[in-house]
Every structure is written in structure tokens, then in C-alpha cells.
Amino acid sequence: MRLICTQENLATHLDLVSHAVPAKPTHPILGNVLLIANQETQKVQLSVFDLNLGIQTSFDAKVQASGELTIPVGILSDIVAKLSRGDITLVNQSPLNTEETEDNSPEKVETGLNQIMTLIATTGRYQVRGLPTEEFPPIPEVNSTLKVRVPVEALQAGIKGTLIATTSDETKRILTGVHFKIESNGIEFAATDGHRLAVINTSLSGFKKKKQTEITEPLEFTVPAKALVELERILSSRTSVEPVELFYEESKGLIEFRWGTQRLVSRCLEGAYPAYQELLKQDFKQQVTLEKAPLIKALERIAVLADKKEKSVSIRFNSEAQQVCLSLFREFGNGREEMTACINSDSDMSVSFNIKYLLEGVKVIASAEIQMQLTQKDGPAILVPFGNREQPNILMDAQYLLMPIFKE
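Residue numbers for the sequence shown follow the working numbering, beginning at 5 and rising by one.
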């Protein structure tokens, strides 16, 4: 194998796939990137796969000889990132072969199993030993007749709005992911960690310009948070406005997101997701409307006093003065913030929430104002967007439910 590509291209695509590699892989090959160079298509393909999450991308290069190799992705990515801009030559060789290349350079052509990659840049030369490509597990092919095309902005909004509510507690495995419910007119994203619930509904109405599978009954699956973190990161760096294609194979529990020359494949989480819709059917009689930006600033200031032991912020609603008072008390001191609000109730009440959960929920609501809907003193509250939307081009509804903290 021999190819020439730009430092910028290789660095960008290595960064795209490298985040999916586990910090402590269970097998050395799972810490490697599979690089395949195709002389016929003049393209280079990069793949990583940890047996649960796989990412694949490709880019144009001057491929002088086809071939493939696997190299530790961390080492290769670090080397390439620090190189100066310009062309890079990659040669795959074996120490068992002494045949010289056409330009009489000391690099050897690809034979044998003990592959060594030689990287030649304008300022230096590096060699990295790889592993046999036969050991690299292939990323599964998702054989699905279902294809759903989703606008990038809608997919990002659904993922970003729900990821915060997933848990990292592996004993609650199903809650470590985001639950998808796909219907003919839209996608519902939901996540809960037992203390809060985030639900985002995005519309697909009018978005059927190209072939899209007709969905006759709801399709549900749960995608691990790690896969969605990587997907959201990759989509954030995209410049194309082309939609993302979603494929799901229920029999294998596989989900694939595909866009351009890139694809992300993940195994779905097994098990039934909790019936979260029941929580949203409660009677939320009281509504309090606040401006989002001042509320975030007030919560951030008062959060300075919080720690793991004392993390609850008390919120008192004064309907007569149309004010909301935020307060947090500690042994060494306390903090208090007041702000105007529109309160549609004649009765005053107070409720306490985990300030971290409340602040995260306020931040993901994409509107200029936020409406807090409440049941009673000891009941949950729901945050919903109100007023001008931050992304008016996306047909989206958001609900962020927060359980209160009880104080003696």
C-alpha cells in the first residue's frame, strides 16, 4: 500500500473516528484504526469498532498502490495532528521483504503479517507497527428495508435535548441510552435517569422529497448515549445540509446513521424502556413564565454555593408581586436571587429542585422564555419552551420533567 494525502484531510478524519475507541480496549486490535486504500476509486477508508460502536469515513487521496493495515489510532492521530500542513505519504511494509519501491526509497512494499506503517512528511519520518488486518472485527452491515431521512437540525435537537437526562449507572442499563419512537409524522426522543425526564418531539411532515419507507406502526428502540454523543459531535462539524439516513434492523438490534461518505453503527440496548408518558399526563395547573437568559445567569450565580451534600435550590413563587425567589442555604452562608415572572395562580408556593438538573434543563429548552408548569408543592414540574424559538425552522416540542427534592 502506498498513498499520498494532505495532513488536514487525514487529521480531520482520524479525529472523526478516534473518539469511538475505548480508553482501555479489551483487545489491542480494538484500539486500532483499519485503513483501506483503494487505487481504483482513489479513496481511503478509515474504520474503528469496539464491538458495540463503529464509525467509518472515507476521503480522496492519491492511491498509488491498494492495501490495508491496522494502526493504533491514538498514536497515529497524535502524530498527524502535530505535523505541519502539506502532503503526507503513507507506505505499508513488512520487515520480511527487502524489495524497494519504484522511486528507490527505503520503504518496502506490503507483504507478510508483521505490518509496519511508514509516514513521511515534509519535516520528518515516522514508523508505527500495526496488527494483522484479519484480526480487525468488521463493522456489521445493517440489512434493513426501513429508511428514515431526518433533517440534521432536527436530529441534533432531539439528541442534545435528551442526552443530559441519561444515567451513567450501568446497573440501570436501559436508562444509559436515549429511547427513539419513530412514527410516520415524526420522531420522539426520550431519556430519564429516575430523577428527571426529557422528551423531544420532532416533525418529519413535509420531508419526503426522496425515497423514504412508509412507517405503518410505531418503531421503538434505545440507542446508547455513547453512540449519540459521537453522532452529535460529528454532526456539529458538518457543513452539508443533506439529511441523515437512519436504518434499523430489529432482528440484530442494530441502528445505523448514514450521511455522505460516513456511517455510524451501534448496537441498541436490550430491554423494555419505562412507560414515561404516564408522568406527563398529570394535571399541571400552575404556570410560571420566565425569561431564559436571566434565569440561567441567576442559577449559575447561586450554584456557586452548591456541592454534593447540599445541591437543592428552593424556589418561591410570589403571585402578588409576580416574582420568583431562588435561594440556597449552606452552613457557611447563603444566596438569594429574585427575578420577575408571569405567574397565573393566586396561591403562593415553594418547591426545591436539584440545581444541576434544573440548570441543565433550562439550558436545553430552545426558546427565549421558559414556562414552568407545576402540580402541587410536592409534585414534579415540567419545563416547556415559550415565546420565540431559537430554531424556528425546526418543528419541535420539548418537555423536561423534574422531580422535586423533599426537605424536612
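Every residue, glycine too, gets a C-beta built ideally from N, C-alpha and C. Values in this document were obtained by computation on a predicted structure and should not be read as measured data.
Secondary structure of K313, DSSP reduced to three states: Reduced to three states, the DSSP call for K313 is coil.
Secondary structure at S241, three-state DSSP: helix, strand or coil? In the structure shown, S241 adopts coil according to DSSP, grouped into three states.
Evaluate L14 with the Cβ neighbour count: other Cβ atoms within 10 Å of its Cβ, from every protein chain shown; 16 or more gives buried, anything less gives exposed. Answer is buried; the Cβ neighbour count reaches 16.
May I ask whether a heavy atom of the ligand SAM can be found less than 7 Å away from the beta carbon of K86? This structure lacks the ligand SAM; in fact it carries no ligand of any kind.
Taking only three categories from DSSP, how would you classify L273? Correct three-state label for L273: coil.
According to the neighbour-count rule (16 or more other Cβ atoms, all chains shown, within 10 Å of its Cβ), is Q60 buried or exposed? Buried: at least 16 other Cβ atoms inside 10 Å.
Same chain, Cβ closer than 7 Å to E373, neighbours up to 5 away in sequence not counted: Here the set comprises T293, L294, E295, K296, F390 and G391.
Please report the distance separating the alpha-carbon of Y39 from that of V308. At residue 39 the sequence reads Leu, which differs from the Tyr that was named. Cα-Cα distance, rounded: 47 Å.
Can you tell me whether N108 is buried or exposed, with buried defined as 16 or more other CB within 10 angstroms of its CB? Reliability of the predicted coordinates at N108 is poor, the pLDDT of 45 falling under 50, and the value obtained from them is presented with this limitation in mind. N108 should be labelled exposed.
Please name the residue, chosen from Q326, A69, N358 and L406, that lies closest to F288 on a Cα-to-Cα basis. Residue nearest to F288 within the set Q326, A69, N358 and L406 is L406 (criterion: CA-CA distance).
Alpha carbon to alpha carbon, how far is P155 from V48? Give it in angstroms, no decimals. Distance between the alpha carbons of V48 and P155 is about 27 Å.
Tell me where the alpha helix (DSSP H) around K301 begins and ends. That run of the alpha helix (DSSP H) goes K296 to I306.
My parser needs the beta strand (DSSP E) runs of 3 or more residues fully inside the segment 124 to 204; what are they? Within the segment 124 to 204, the complete beta strand (DSSP E) runs of at least 3 residues are 129 to 133, 151 to 154, 181 to 187 and 190 to 196.
Tell me which residue opens and which closes the beta strand (DSSP E) that D82 is part of. Where D82 is concerned, there is no enclosing beta strand (DSSP E), although the alpha helix (DSSP H) it sits in stretches over V77 to K86.
Run through DSSP, which three-state label would E2 get? One cannot answer for residue 2 here, as it falls past the ends of the chain, which runs 5 to 412.
Nonlocal neighbours in the same chain, by C-beta distance under 6 Å from R200, ignoring five residues either side: Counting only Cβ-Cβ distances below 6 Å, and skipping sequence neighbours, we find A169, Y361 and L406.
What does the Cβ neighbour count give for F410, buried or exposed, with the cut at 16 atoms within 10 Å? Answer is exposed; the Cβ neighbour count stays below 16.
When DSSP builds the beta bridges, which residues end up paired with T379? Beta-bridge pairing links T379 to no other residue.
DSSP three-state label for T61, please. Looking at T61 - three-state DSSP - the assignment turns out to be strand.
Between E221 and L150, what straight-line distance do the alpha-carbon atoms span, to the nearest angstrom? Each residue's Cα considered, the two are about 12 Å apart.
Out of curiosity, what's the CA-to-CA distance linking E224 and S244? Between E224 and S244, the C-alpha separation is close to 28 Å.
Could you say which of F336, I8 and N96 lies nearest to G90 if we only look at CA atoms? In terms of CA proximity to G90, I8 leads the group F336, I8 and N96.
S22, enclosing alpha helix (DSSP H) - first and last residue: It spans Q11 to S22 - the alpha helix (DSSP H) in which S22 sits, taken as one unbroken run.
How about T137 and T74: are their beta carbons less than 8 Å apart? Yes, they are a contact pair.
Integer-rounded CB distance, given that D54 should sit under 8 Å from V84: Their Cβ separation, rounded to whole angstroms, is 21 Å, which puts V84 and D54 out of contact at 8 Å.
Taking the alpha carbon of A161 as the point to measure from, which residue in N189, I178, V233 and V146 has its own alpha carbon closest? Ranking N189, I178, V233 and V146 by Cα distance to A161 puts V233 first.
Roughly how many whole angstroms lie between the Cα atoms of L179 and E364? Taking C-alpha positions only, L179 is separated from E364 by approximately 18 Å.
Note down, in chain order, each residue of its chain lying with its Cβ closer than 8 Å to the Cβ of Q11, except the 5 sequence neighbours on either side. Cβ within range, chain order: V84, L87, S88, R89, G90, D91, I92 and A125.
Bridge-paired residues (DSSP) for L208: Paired residues: none, contrary to the question.
Within the same chain, show all residues whose beta-carbon is closer than 6 Å to that of M400, passing over the 5 residues directly before and after it, in chain order. Excluding its 5 nearest sequence neighbours in each direction, M400 has C-beta neighbours in its own chain below 6 Å: A161 and T206, listed in chain order.
Quick one: what does DSSP say L55 is sitting in, helix, strand or coil? Of the three classes helix, strand and coil, the one that applies to L55 here is coil, per DSSP.
In terms of residues, what are the limits of the beta strand (DSSP E) holding V366? Not the beta strand (DSSP E): V366 falls in the alpha helix (DSSP H), residues I359 to V368.
For I186 versus I219, is the C-beta spacing smaller than 8 Å? The answer is yes: Cβ separation under 8 Å.
Please list, in chain order, all residues of the same chain as K213 whose beta carbon is under 6 Å from its beta carbon, the five residues on each side excluded. For K213, the pLDDT reaches just 45, beneath the cut-off of 50, and the residue's location in the model is therefore unreliable, leaving the point undetermined.
Any idea which residues DSSP pairs N42 with across the strands? Looking at the DSSP assignment, N42 forms a beta bridge with K47.
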